[in-house]
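Novice: This is the structure, below, for whatever I ask next.
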Amino acid sequence: MEPVYVSFHEANSFFSNLYDLFAEWSFWGVSPIPDWLAYFLAGFLIVFAVVNSVVVVTTVGTWVERRLIGRFQSRVGPNRWGPWGLATPIADAVKLLSKEDTRPEGVDIWVFNLAPLVFIVTPLLVFAVIPFGEGTYIANLNIGILFIIAVTTVPTIAMFMAGWASGNRYSLFGAMRGVAQLVSYEVPMVLSIVGVLLMSGSLSLVDIVEAQRIPFILLQPLGFFIFLLAISAEMNRSPFDIVEADSELVAGFHTEYSGMKWGTFQLAEFIAPFGAASIITTLFLKGWDGPLLPDFVWFFGKVCFVWFVLLWIRATLPRFRVDQIMALAWKCLFPLGILNLFITAAEVLIWGDPTTAQLWIMVGINWAVAITCLVGISQLMSDKLSTRAPLAPVPVRRARGLREVR
Amino acid sequence: MPIRTEPVTINLGPQHPSTHGVFRMRITFDGEMILDVEPVFGYLHRGSEKLAEERTYTQVITLTDRLDYVSSMSNNLAYVLAVEKLSGINPPERAMYIRVIVAELQRIVSHLVATGFFLNDLGALATPLMYCFREREKILDLFEMLCGARITLSYMRVGGVFQDAPPDFWHSLSDFLNYMPDYIDEYERLITGNEIMLIRTKGTGILSAETAINSSISGPVLRASGVNWDLRKTDPYDVYDRVDFDVPQGTVGDNYDRYLTRVAEMRQSLRIIEQCVDQIEEGPVRTEVPALLRPPVGDAYGHVEGPKGELGFYIVSDGSIAPYRFKIRSPSLINLSALRGMMVGSNLADMIVTFGSMDINMGEVDR
Amino acid sequence: MNIIGVGIAKGLSVTFRNLFRKASTIRYPEEAAPQAPRFRGEEFAWYEERCTGCASCAKFCPLGIIKIVTHPGGINVQEGQSYAIDVFDIDLGRCMFCGLCVEACPYDALFMGSGFERSTYRRDDLVIQVDELRQAEKRPSTWFRPQLEAKEYRPQTGQPLSWEEVGR
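Residue numbers (our numbering), protein chains in the order written: chain A, 1 to 406; chain B, 407 to 773; chain W, 774 to 941.
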């Protein structure tokens, strides 16, 4: 067998047990079943379980997201269907399935139908290389991070397919804006990841988790910040959501979709934050590692925490303008990424195999650089970002208490 | 070979999530830059001016409610002032104080709506909008306590206010005055220093003072451009000359200044209400006016500083029970004339934000 | 000099604090929204004993939705002679609940109600006829009736009032 299967077989005990179980089967008189079939069944079951759990977590996540955004806005979220509204995702699915599947005239039918499928492939593929626990993963690719970067560029083509095939001038316009945004933010994303790679010395995600003696969020504050912004922009999430919420003029690349095709787009939009949170957890927060509780619980907890932070940012901040998004990517994050790369490379060169004390020195240096950059950029943009004094003196508050009733 | 682009005209139709009300704009733009804007309105025209000629002076009050449906008390007040000027009726003192209190509460409501929707246009996922509406609910509850309705109020009458406030109203008003400044502080903390808001609204949609004066703009839009003109100071009506307040004034006239002006005006409104609550005395709230009022032949113009600008009514009477001519000077319609100047040459993305900051209400524009 | 991020952090703290406050939604229809006693709703309270058939309410309605048809020969308990009411229709489909009809009535015979939940499948069903007005439970709103307010009557929770108790 090829090396990648062998490492999968050896390292992942769950898979190998499953394989052995299947290899013993006799089936319609053919005993035992052929090797490739055992592999296929074992692999299929594991992938089936992972994909289904991701999708189920996402659908419950839609309910949690809507409730939480409701609480942020001082209102109750959906609470009608089922106890506390838990059956709302089922109601949504039923509604979407029962809608008419429109197809406007003049669409390119093959591209139109394929675009949602291509769009949803990416967030699911990301989970193939992420370690959920010690020794628990689907595949330990020795090029794990490169695989993720490659796969997260696929939504670009899917967005363009959707915009082009809609036959609508404004969908195309919106799709092109989206493509520009996604392509621009690839560069800072990769640069921040390279900083992590220099520290860990390997592209494989399992090795990255194990190489973190101190979580990389402390060692790479600049990298974490750049990665957070870049992955928000890759997912079209507020404050970078010009593509999907561009209600000014263009209604986005998924205007002409209705019913479950649109539902597929939305599902992909909801799985993406979980995928991004998983990547951030693996790269910067030490993955599944933690005392006391089982490692899967730690992983899930960290993913939920990062997901909550992404949701919090989404609920609070207004949107950027298109040209400001591009300016941010190229003029701000790109130079910061290169600076981060230089400093990390210099540190790795000086301290090749650092002890814990030296790691803490690196933490100090990196944080000092990050804060200097922050102050420097604030100074450069101070005229654009200064608030104005109140336009009239704020009235003096009188002492509290009910006034005399007239 | 230079790239030749062609300007394209699109229609930002009457139904649209970002236009406040049914408002249509035909925009010609070249790439991202706007070349021409042609506003088309009239989708909400209900013929208020003609209908008023068939109704008695008291019945017309119900028509005025529905002009700027967000600030109904100011509309009522302007109309009632015009009729009182026409017939020479003086309302009692307590009525004037209650009118000012209610008009300032209405100003807070209108500015909350304007600010909330402005931030909605900026893309902040309705969170500031929900906060603004939460406070608006409390003021609407005060109005319900006072006159039984929340939005179309018909509270004023010729000769005073319709009915005196119940004792619960003063308790609730005191509570409101106690906690509302905290809520305005909360909005400011959420929005005013937000870097994204600053980048998007500073320096966009600039309206110079000279253009504003030449286009007869009034209201917070005018004051944000640096012109010190407020009808409550220059031509005081009711008891505005007995209360002390500042008029917030901007410097540059961009979207950020307009937002800051509205927030500052909310604070000043609270100050005015506090002083009125201190100064108010017992007394009647309505002078005796015949049910079918017949003003003497003549005309009068009554105006107030509404939340959106100078709202005026010009009434011509021919001695009968209904007005002969009822002309509305609506601030939103006049403010619309500056729209083209502000938008041409700017970015497509800034256009919606600029329109939102002007706070146009289609009920007033179309009447 | 403002550090970038401070404004955003303040905004984030405001939303985070709101997460722990009570939601301000009223869960209708399980919870009822609090109504003021002066609320101008439908379910008009019409006291036939006080009504003389003068049709001032119909004259003062800005929309002209009240239709009154009478014939002479009725006996009004308070005033003696009056008109007998044959038809008294209020078209709720076009009523704007301004209350000018209540303001117009000189005999305190018509009061606003507190309802807001009347929805029907046909527009014609929205017209209130005189029989319904006669038989309905009368919980008058205190709008423009200072005598009811002096008694601190609450239409939402109080008992229905009879014609003797509602006059000036």
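Cβ coordinates follow ideal geometry from the N, Cα and C atoms, glycine included.
#1: When the Cα atoms are used, what is the spatial distance from R406 (chain A) to T930 (chain W)?
#2: In chain W, what lies closer than 9 Å to T408 (chain A) by C-beta?
#3: Which of helix, strand or coil does DSSP assign to D442 (chain B)?
#4: Only counting the same chain, and skipping five residues up and downstream in sequence, which positions put a Cβ closer than 6 Å to that of L525 (chain B)?
#5: For S723 (chain B), report the span of its beta strand (DSSP E) as first-last.
#6: What is the DSSP secondary structure of V900 (chain W), counted as helix, strand or coil?
#7: For P395 (chain A), return the contacting residues in chain B, with the cut-off set at a CB-CB distance below 9 Å.
#8: Which parts of the stretch 322-374 of chain A are runs of the alpha helix (DSSP H), unbroken and 4 residues or longer, counting only runs that do not cross its ends?
#9: Measuring only the C-alpha atoms, how far is D898 (chain W) from L457 (chain B)?
#10: Hey, W916 (chain W) and R800 (chain W) are a contact pair by Cβ (cut 8 Å); roughly how many whole angstroms apart?
#11: Which residues in the same chain as I242 (chain A) place their Cβ atom closer than 6 Å to its Cβ, once the five residues preceding and following it in sequence are excluded?
#12: In its own chain, which residues sit with a C-beta less than 6 Å from the C-beta of G708 (chain B), not counting the 5 before and 5 after it?
#13: Check whether the Cβ atoms of P89 (chain A) and T59 (chain A) sit closer than 8 Å, and answer yes or no.
#14: Would V860 (chain W) and I839 (chain W) qualify as a contact pair, given that the criterion is a beta-carbon distance under 8 Å?
#15: By DSSP, does N496 (chain B) sit in helix, in strand, or in coil?
#16: Mind pulling the chain B residues with CB within less than 7 Å of A809 (chain W)?
#17: Short of 6 Å in beta carbon distance, which residues of its chain neighbour E876 (chain W), apart from the five on each side in sequence? Order them along the chain.
#18: By a C-beta neighbour count over all protein chains shown, 10 Å radius and 16 as the cutoff for buried, is S238 (chain A) buried or exposed?
#19: Just checking: is the beta-carbon of I377 (chain A) within a distance shorter than 8 Å of some beta-carbon in chain W?
#20: Return the CA-CA distance between S675 (chain B) and Q655 (chain B), expressed in angstroms with no decimal places.
#21: Candidates B:D644, B:Y662, B:V645: which alpha carbon is nearest M603 (chain B)'s?
#22: Could I get the ranges of all uninterrupted beta strand (DSSP E) runs contained in the stretch 454-493 of chain B, with 3 residues as the minimum, in chain order?
#23: Is there a Cβ of chain B sitting closer than 8 Å to that of P952 (chain W), yes or no?
#24: Quick check: is the beta carbon of R916 (chain W) nearer than 8 Å to any beta carbon in chain B?
#25: Can you tell which of B:E687, B:P701, B:M431 has its C-alpha closest to the C-alpha of P498 (chain B)?
#26: With a cut-off of 8 Å, does the C-beta of T102 (chain A) fall near any C-beta of chain B?
#27: Could you pull out every unbroken alpha helix (DSSP H) segment of at least 4 residues lying fully inside the stretch 202-226 of chain A, listed in chain order?
#28: So what does I597 (chain B) bridge to, in DSSP terms?
#29: For G872 (chain W), which residues in chain B fall below 8 Å Cβ to Cβ?
#30: For P810 (chain W), is the classification buried or exposed, using 16 other Cβ atoms within 10 angstroms of its Cβ as the cut-off for buried?
#31: State whether the stretch 608-618 of chain B contacts the stretch 629-638 of chain B, with contact taken as three or more CB pairs (one from each stretch) at a distance under 8 Å.
#32: Let me make sure I understand the geometry here. Which of A:N113, A:M235, A:M189 has the alpha-carbon closest to that of A165 (chain A)?
#33: Confirm, please, whether the CB-CB distance from P928 (chain W) to Q465 (chain B) is below 8 Å.
#34: Checking contacts by CB at 8 Å: is L374 (chain A) closer than that to chain W?
#35: Which same chain residues end up closer than 8 Å to T264 (chain A) when comparing Cβ atoms and leaving out the 5 residues on each side of it in sequence?
#36: Mind checking which residues open and close the alpha helix (DSSP H) that includes A618 (chain B)?
Specialist: Judging by the given coordinates:
#1: Because R406 (chain A) carries a pLDDT of 48, less than 50, the predicted location of this residue cannot be relied on, and the following value inherits that uncertainty. One alpha carbon belongs to R406 (chain A), the other to T930 (chain W), and they sit about 27 Å apart.
#2: Residue 408 (chain A) is absent from the structure shown; chain A starts at 1 and stops at 406.
#3: strand
#4: P534
#5: 715-723
#6: Strand at V900 (chain W).
#7: P587, F651, D652, R673, Q674, L676, R677, E680
#8: 322-327, 334-350
#9: 28 Å
#10: Incorrect: roughly 27 Å between the Cβ atoms, too far for contact.
#11: V322
#12: A484, L487, A488, K491, F719
#13: yes
#14: no
#15: coil
#16: E550, M551, G554
#17: F917
#18: Around the beta-carbon of S238 (chain A), 16 or more other beta-carbon atoms lie within 10 Å, marking it buried.
#19: yes
#20: 15 Å
#21: B:Y662
#22: none
#23: Past the edges of chain W, shown from 774 to 941, lies residue 952 (chain W), and the structure says nothing about it.
#24: Sequence check: residue 916 (chain W) is Trp here, not Arg. Answer yes: the Cβ-Cβ gap between W916 (chain W) and chain B drops below 8 Å somewhere.
#25: For P498 (chain B), the nearest C-alpha among the options comes from B:E687.
#26: no
#27: 205-210, 216-219
#28: Answer is none; I597 (chain B) lacks a bridge partner.
#29: For G872 (chain W), the neighbours in chain B by C-beta distance under 8 Å run, in chain order, G554, S560.
#30: buried
#31: As far as the Cβ criterion goes, the stretch 608-618 of chain B touches the stretch 629-638 of chain B, which means the pair count is three or higher.
#32: A:N113
#33: no
#34: At least one chain W Cβ lies under 8 Å of L374 (chain A).
#35: Correct list, in chain order: P116, L117, F119, I120.
#36: Segment 615-620, the alpha helix (DSSP H) holding A618 (chain B).
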